[in-house]
Amino acid sequence: MHKKVTAALILVLSLMLVITGCGNNGNEPQNQAQNQNQTQAGGQTDKAKESEAEAVAGASEKSYTPHDQLKDSYDIIIIGAGGAGMTAALEAKASGMNPVIFEKMPVAGGNTTKSSSGMNASETKFQKEQGIEDSNDKFYEETLKGGHNTNDTELLRYFVDHSAEAIDWLDAIGIRLNNLTITGGMSEKRTHRPEDGSAVGQYLVDGLVRNVEEQGIPLFVNANVKEITQQDGKVSGVKVVLNDTEEKTITAKAVIVATGGYGANPEMITQFRPDLKGYVTTNQVGSTGDGITMIEKLGGVTVDMDQIQVHPTVQQEKSYLIGEAVRGEGAILVSSEGVRFYNEMDTRDKVTAAINALPEKSAYLVFDSGVKSRAKAIQQYEKMGFVIQGDTIEALAEAMGVPEDALAKTLETWNAAVQGKNDAEFGRTTGMDYDLSGAPYYAIKIAPGIHYTMGGVKINTNTEVLNKDGNPIPGLFAAGEVTGGLHGDNRIGGNSVADIIIFGRQAGVKAAEFVKAQ
Ligand code: ADP
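Right, here's the structure in full:
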């Protein structure tokens, strides 16, 4: 009897989770009410019901404005509800404006939700508290070196000099990034993460959505902006399609484009990089470069469009990024022949080239139980069904379908290299603190995937979009992955989250100044 009640409860709860997880089409504030009605059947208390719904939906699914509240005119229109767009909206509102955000997907967050490493910033209070001596100059030099001196140095200077302020601003609105780590190419711990060390993206997006809601900023989802309009040489608003059906023309004195990159637009990718044709992408489906296309129609120019960051280790079926920490904690890459073929810790572009040079153009990350315990993300990869396991090396080889002898010999040679601190085969020097000798053994099949588009529209440090003569297009601002130049030809991990907050803030402030001057 007791079991039956429990089973019924589970069934009702599951129903509720499915309904909650369906998202909001932007016209249904009643979704929450529906959820509550559903759960009442389960006999839970209201409080329990609410927290259950929140745990599933997250802040980002319950805060959208019903489409029937859309007005004809706002001070500032922000296109895109990723990190840059929501940050810009909050600053515009704080400057006394009446902004609106249009998001084409059913949820806010964009690629920002997927970001994991953290937010780079120098001379921050959290660094000081933790005794980390850093300087904006060092952050500048290291980012410039990472970008092989191809970065837009004015944007970069603004970026480093305003990074600590951006950390403080987030802290002041309840988004605390005080857990510090380091990413490739940086010499100091300047990558700021949430206190519990979790991935930055979801935490940041939830915090921004919460603030947008608290500030009463309308955020419309399923609102696809198709065109930015102009009148008398100035931006005058947008044309937006709601729920794929209804087109509306909305006016504003300024438009901030925060539509993210074009990593999920295969046509654009192949136009600029034919060699990347057919690559999977880690990007969310809304990253189709719309902002770039719309801005080009108004005479805005682009930079670095062929600079596309490819990540070497992406699970292909789910297009899911397998983080660098797996290699950093000791994993090796082996081919379908069961042998290593390159220094796994070399830069992303070189490891990618080595994988692509294999006949099968894919490889396996192979690791042991020690790596699994040190790289926490592997638990998630396991849940997603990516991890092949074997109690012995031979059993793993069999499960992978690679020659057993070869894999056993590869691990033997590698473990000797780790002991002797000398990888005579491929010259790897890092991620060698531990050998691979703790059963069970594991493997994840990977291949390269598109990760981030460094190119985009050209802006100045006021986030004004520039035309071919280098002049701002009046009323047009842009921030985040839609812009190009800051990262040059190679983005450092942790710099994109910093980019969206620093330049998102600046876009909100400068667009407000522009509107006030009209
Ligand atoms: P950033 O990191 O620069 O903030 P994100 O990828 O996180 O970029 O967010 C960009 C957001 O813009 C995404 O949520 C994406 O779906 C949205 N977007 C892209 N094109 C449009 C469009 N035409 N209209 C409305 N929203 C758009």
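Mature numbering (1 follows the signal peptide of the UniProt record, and there is no 0) puts the sequence shown at residues -23 to -1, 1 to 495.
Cβ coordinates follow ideal geometry from the N, Cα and C atoms, glycine included.
Report yes if the CB atom of residue i is closer than 7 Å to the CB atom of residue j, and no otherwise.
i           : j    : result
T127        : G471 : no
A374        : L384 : yes
N113        : D145 : no
G161        : N467 : no
residue 522 : F103 : Since the displayed the chain opens at -23 and closes at 495, residue 522 lies outside it and no answer follows.
F454        : T438 : no
L132        : L463 : yes
K254        : T265 : no
F79         : V202 : yes
V186        : S414 : no
T64         : I436 : no
I55         : A231 : no
A393        : D400 : no
A489        : M74  : yes
A330        : F318 : no
G461        : V278 : no
N97         : A475 : yes
I469        : T130 : no
K48         : G263 : no
T258        : S296 : yes
I205        : G184 : no
L219        : T42  : no
T90         : V182 : yes
residue 551 : G268 : Because the chain in this structure spans residues -23 to 495, residue 551 falls outside the shown range and cannot be described.
N333        : F403 : no
G165        : D111 : Correcting the residue type first, residue 165 is Glu in the shown sequence and not Gly. Yes, Cβ-Cβ distance for E165 and D111 is below 7 Å.
Just reading off the alpha helix (DSSP H) that residue i is part of, what are its end residues?
i    : result
L453 : Not the alpha helix (DSSP H): L453 falls in the beta strand (DSSP E), residues 449 to 455.
T270 : 267 to 274
I478 : 472 to 493
V459 : Per DSSP, V459 belongs to no alpha helix (DSSP H) and is neither H nor E.
P243 : 243 to 249
V395 : 381 to 397
G123 : 113 to 123
V137 : 130 to 138
I370 : 370 to 377
Thinking residue i and residue j are a contact (beta carbons under 8 Å), I'd like their distance in whole angstroms, please.
i    : j    : result
G237 : S93  : With 8 Å as the limit, G237 and S93 do not qualify as a contact, their Cβ atoms being about 16 Å apart.
G214 : A200 : Actually they are not in contact, since the Cβ atoms of G214 and A200 sit about 13 Å apart, beyond 8 Å.
V303 : A235 : Their Cβ separation, rounded to whole angstroms, is 32 Å, which puts V303 and A235 out of contact at 8 Å.
G59  : G86  : 6 Å
Q192 : K327 : Rounded, the Cβ-Cβ distance is 45 Å, inconsistent with contact.
E100 : A143 : Incorrect: roughly 12 Å between the Cβ atoms, too far for contact.
V442 : I272 : 6 Å
F480 : A61  : 7 Å
P76  : V198 : Not confirmed; about 16 Å, so no contact.
G408 : G307 : 6 Å
V379 : G315 : 4 Å
L342 : T390 : Rounded, the Cβ-Cβ distance is 17 Å, inconsistent with contact.
D412 : Q396 : 7 Å
Which residue marks the beginning of the beta strand (DSSP E) containing residue i, and which one marks its end?
i    : result
T440 : Run containing T440: none; DSSP gives neither H nor E here.
I421 : 418 to 430
I54  : 53 to 56
I365 : 364 to 367
Could I get the ranges of all uninterrupted beta strand (DSSP E) runs contained in the stretch 150 to 233, with 3 residues as the minimum, in chain order?
156 to 158, 168 to 170, 200 to 208, 211 to 219, 223 to 228
Kindly provide the ranges of any beta strand (DSSP E) runs that are 3 or more residues long and lie completely inside the stretch 283 to 358, ordered along the chain.
285 to 292, 309 to 311, 340 to 345
Unbroken alpha helix (DSSP H) runs of length 4 or more, entirely within the stretch 70 to 108: which are they?
102 to 106
Can you confirm whether the stretch 400 to 419 touches the stretch 360 to 367 when touching is taken to mean that 3 or more C-beta pairs between the two stretches lie within less than 8 Å?
yes
Contact between the stretch 446 to 455 and the stretch 297 to 313: three or more CB pairs below 8 Å?
no
Touching or not, the stretch 326 to 338 and the stretch 421 to 441, by the rule of three or more beta carbon pairs under 8 Å?
yes
Are three or more beta carbon pairs between the stretch 274 to 286 and the stretch 430 to 437 nearer than 8 Å?
yes
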